[in-house]
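To start, the structure itself, in structure tokens.
2 protein chains.
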Amino acid sequence: MKSRTIFFVSDRTAITAETLGNSLLTQFEGVERERHVIPFIDTESRAESVKERINNSYTVSEGRPLVFSTFTDDKLRKIVSESDCIFYDLFNDYISRMEADLSQESSHEVGKSHGLVDKGSYESRIRAVNYALEYDDGARLDRYDQAEVILVGVSRTGKTPTSLFLALQYGIYTANFPITDSDLDNYSIPRPIKPHKKKLFGLTISAEQLSRIREERRPGSPYASLRTCQREVSQVEELFHSENIPFLNVTSISIEEIAAQIRLTRDLDAKHY
Amino acid sequence: MKSRTIFFVSDRTAITAETLGNSLLTQFEGVERERHVIPFIDTESRAESVKERINNSYTVSEGRPLVFSTFTDDKLRKIVSESDCIFYDLFNDYISRMEADLSQESSHEVGKSHGLVDKGSYESRIRAVNYALEYDDGARLDRYDQAEVILVGVSRTGKTPTSLFLALQYGIYTANFPITDSDLDNYSIPRPIKPHKKKLFGLTISAEQLSRIREERRPGSPYASLRTCQREVSQVEELFHSENIPFLNVTSISIEEIAAQIRLTRDLDAKHY
Chain A
412 MKSRTIFFVS DRTAITAETL GNSLLTQFEG VERERHVIPF IDTESRAESV
462 KERINNSYTV SEGRPLVFST FTDDKLRKIV SESDCIFYDL FNDYISRMEA
512 DLSQESSHEV GKSHGLVDKG SYESRIRAVN YALEYDDGAR LDRYDQAEVI
562 LVGVSRTGKT PTSLFLALQY GIYTANFPIT DSDLDNYSIP RPIKPHKKKL
612 FGLTISAEQL SRIREERRPG SPYASLRTCQ REVSQVEELF HSENIPFLNV
662 TSISIEEIAA QIRLTRDLDA KHY
Chain B
412 MKSRTIFFVS DRTAITAETL GNSLLTQFEG VERERHVIPF IDTESRAESV
462 KERINNSYTV SEGRPLVFST FTDDKLRKIV SESDCIFYDL FNDYISRMEA
512 DLSQESSHEV GKSHGLVDKG SYESRIRAVN YALEYDDGAR LDRYDQAEVI
562 LVGVSRTGKT PTSLFLALQY GIYTANFPIT DSDLDNYSIP RPIKPHKKKL
612 FGLTISAEQL SRIREERRPG SPYASLRTCQ REVSQVEELF HSENIPFLNV
662 TSISIEEIAA QIRLTRDLDA KHY
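Chains as they are written, first to last, in my numbering: chain A, 412 to 684; chain B, 412 to 684.
Here's what the structure looks like:
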């Protein structure tokens with residue numbers, strides 16, 4: 412088996428090529444030697460220089476490079492595809508099938524994906540990010556009616572990154588609120604978010620990992636001790652159960668998976684594409 | 412031409428299906444009626460119920476639904492593909508081609524993409540987000556040596572969302588620092604980030620759009636006036652030119668495009684996949 416240089420090439424951001432190419436590569440261990448993301452190849456001279464770069468990366472010992480591309484322009488795609496590589500154009504393959512299946516010609520317009528389709532959706536996304544920042548970690552006590560989802564959990568369970576991801580990626584108005592010791596002792600939902608119980612989503616985590624994360628922040632503190640973490644995790648899960656708050660253990664999953672699960676549970680659609 | 416219901420289905424997050432499916436759909440105007448993202452279809456009974464849901468969405472007037480899927484499990488894919496739809500499996504089509512091209516069998520492992528491949532990469536990503544939050548808007552005056560890129564620009568040019576996107580999406584340590592009036596008057600780089608000039612990347616925007624964005628924040632203020640915005644934008648662009656700071660006008664592009672351009676210019680690779 413040869414390890415190869417991988418290229419993700421596009422006339423736009425190359426995000427689609429990178430996303431699907433990465434997914435596919437996870438199924439083939441040991442194939443990857445190094446990788447290059449090459450966006451904005453939108454002229455013939457740029458395409459020619461990518462072709463040269465791909466050819467230069469082809470060595471006898473390493474084998475033919477793998478190229479994942481998403482060109483909308485036929486001429487540019489042709490230039491790059493003629494380099495000495497294994498070439499997958501993730502876009503074109505489907506465009507022709509879809510044209511036949513839908514009996515409709517494609518527009519062949521560049522940059523419609525991951526581009527600024529309309530200003531409204533861009534700005535609503537920025538607004539969602541600003542909202543997530545303003546409503547991070549229980550910073551506000553009012554206006555939770557604007558939230559589409561409110562993440563709850565004890566300290567350091569990933570509430571902030573998850574909120575930002577939902578806001579940035581999907582334009583979803585996401586607040587987050589900490590569950591503190593006094594909430595745990597009373598097995599009660601914090602007062603400011605109680606009226607919005609239908610929007611709550613809980614995050615929990617293994618006590619061991621929580622302790623390790625907290626140790627980084629305050630080494631040797633009672634806050635970070637395994638014992639504290641065990642108590643808090645078991646109490647907060649009991650609270651989620653008794654109040655019927657849907658929740659997710661995030662110990663061994665990615666932010667993408669957490670976000671997908673929250674969108675599914677709370678039926679939250681993306682605001683832009 | 413018929414508008415159709417679109418489904419993105421997967422045994423994992425469906426992010427790959429959604430990303431590529433969206434890109435493809437931008438090339439076919441008027442096709443989409445409504446869309447459903449359906450992640451975590453990892454049992455036969457779930458697959459059966461998706462099949463039923465797809466069949467129910469097929470009406471004579473609207474036409475056959477479009478399904479974009481990325482199943483790794485053959486049995487589950489088969490169930491969903493047998494619904495009354497136009498079916499594209501973005502994963503399987505390429506897996507077989509890659510197996511042939513690479514003379515290597517795929518692992519057929521579920522959830523390797525967008526899953527928690529290793530804890531190290533997950534935590535480095537969270538650390539990058541924490542760094543971006545801590546180093547937002549010039550909040551710190553020290554330790555910029557940790558930054559991989561420092562975004563600079565006048566107020567409200569998208570520095571914060573872009574920083575968070577680079578950190579969340581790619582694990583890139585991103586700080587951002589505002590260019591203030593006194594910097595503009597002296598045509599100088601703010602002192603705390605001057606030693607890190609090689610890491611700077613400027614964001615600029617049209618004066619009209621900047622004024623509109625600032626109006627939302629402080630209506631009727633001198634800060635938001637078109638005149639102030641025109642002066643600031645022209646001064647900051649002059650500063651970027653004279654100091655040889657690479658910069659980008661973000662007026663009509665998406666966060667994805669801004670991030671791709673910054674990664675390209677500053678040669679920043681993603682930290683995880």
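Note that the Cβ used here is the ideal one computed from N, Cα and C, for glycine as well.
Residue state for residue 590 of chain B is assigned as coil, using DSSP reduced to three classes. Taking 9 Å as the Cβ-Cβ cut-off, the region 486-513 of chain B approaches chain A at 497, 499, 501, 502, 504, 505, 506, 508, 509, 510, 512 and 513, given in chain order.
The beta strand (DSSP E) runs lying completely inside the region 604-646 of chain B and spanning 3 residues or more are 611-615, given in chain order.
In the displayed model, residue 655 of chain A falls within coil according to three-state DSSP, outside both helix and strand.
Excluding its 5 nearest sequence neighbours in each direction, residue 462 of chain A has C-beta neighbours in its own chain below 7 Å: 490, 491, 493 and 494, listed in chain order. Between the C-alpha atoms of residue 508 of chain A and residue 503 of chain B there is a straight-line separation of about 15 Å. If you draw a straight line from the Cα of residue 611 of chain B to the Cα of residue 542 of chain B, it is about 16 Å long. Non-local C-beta neighbours of residue 459 of chain A in its own chain, meaning closer than 8 Å and more than five positions away in sequence, comprise 490, ordered along the chain. The C-beta distance from residue 565 of chain B to residue 673 of chain B rounds to 17 Å, too long to fall under 8 Å, and the pair is not in contact. DSSP places residue 505 of chain A in the uninterrupted alpha helix (DSSP H) bounded by 503-513. Just measuring C-alpha positions, the residue of A:586, A:558, A:575 and A:556 sitting nearest residue 548 of chain A is A:586.
The beta-carbon distance between residue 513 of chain B and residue 568 of chain B, rounded to whole angstroms, is 45 Å. This is too long to meet the 8 Å contact definition.
Between residue 572 of chain A and residue 579 of chain B, the CB-CB gap stays under 8 Å. Residue 468 of chain A counts as buried, since at least 16 other C-beta atoms from the protein chains shown sit within 10 angstroms of its C-beta. No Cβ of chain B is located within less than 8 Å of the beta carbon of residue 562 of chain A. Secondary structure note for residue 436 of chain B: its alpha helix (DSSP H) is the uninterrupted segment 426-436.
By the criterion of a C-beta distance shorter than 6 Å, residue 598 of chain A is surrounded in its chain by 650, once the five residues flanking it on both sides are discounted. Listed in chain order, the non-local C-beta contacts of residue 617 of chain A below 8 Å within the same chain comprise 644, 660 and 662, local neighbours out to five positions each way being set aside. Nearest to residue 428 of chain A by C-alpha distance, out of A:500, A:472 and A:608, is A:500.
Closer than 8 Å to the CB of residue 630 of chain B there is not a single CB belonging to chain A. In its chain, beyond the 5 residues on either side, 444, 445, 468 and 476 have a beta carbon closer than 6 Å to the beta carbon of residue 416 of chain B. In the three-state scheme derived from DSSP, where H, G and I count as helix and E and B as strand, residue 576 of chain A is classed as helix. A direct Cα-Cα distance of roughly 9 Å separates residue 439 of chain A from residue 506 of chain B. Taking 8 Å as the upper bound for CB-CB distance, residue 582 of chain B and residue 681 of chain B are in contact here, some 7 Å apart.
With a threshold of 8 Å between beta carbons, residue 537 of chain A makes contact with chain B. Counting C-beta atoms within 10 angstroms of its own C-beta, residue 422 of chain A has 16 or more neighbours from the protein chains shown and is therefore classed as buried.
The alpha-carbon separation between residue 600 of chain A and residue 657 of chain A amounts to approximately 13 Å. Identification of chain A residues near residue 424 of chain B by a Cβ-Cβ cut-off of 7 Å yields 667, 668 and 671, ordered along the chain. Against chain B, a Cβ distance below 8 Å from residue 519 of chain A picks out 438. Here DSSP, grouped into helix, strand and coil, assigns residue 480 of chain B to strand.
For residue 677 of chain B, the three-state secondary structure derived from DSSP is helix. At the C-beta level, residue 497 of chain B and residue 478 of chain B come within 8 Å of one another.
Taking the beta carbon of residue 659 of chain A as reference, no residue of chain B falls within 9 Å; the closest one sits roughly 11 Å away. The beta carbons of residue 635 of chain B and residue 642 of chain B sit about 13 Å from each other, so the pair does not count as a contact at 8 Å. Taken in chain order, the members of the region 444-459 of chain A whose beta-carbon sits within less than 9 Å of a beta-carbon on chain B are 446, 447, 448, 449, 450 and 451. Cα atoms of residue 425 of chain B and residue 576 of chain A: separation of roughly 16 Å, rounded to the nearest angstrom.
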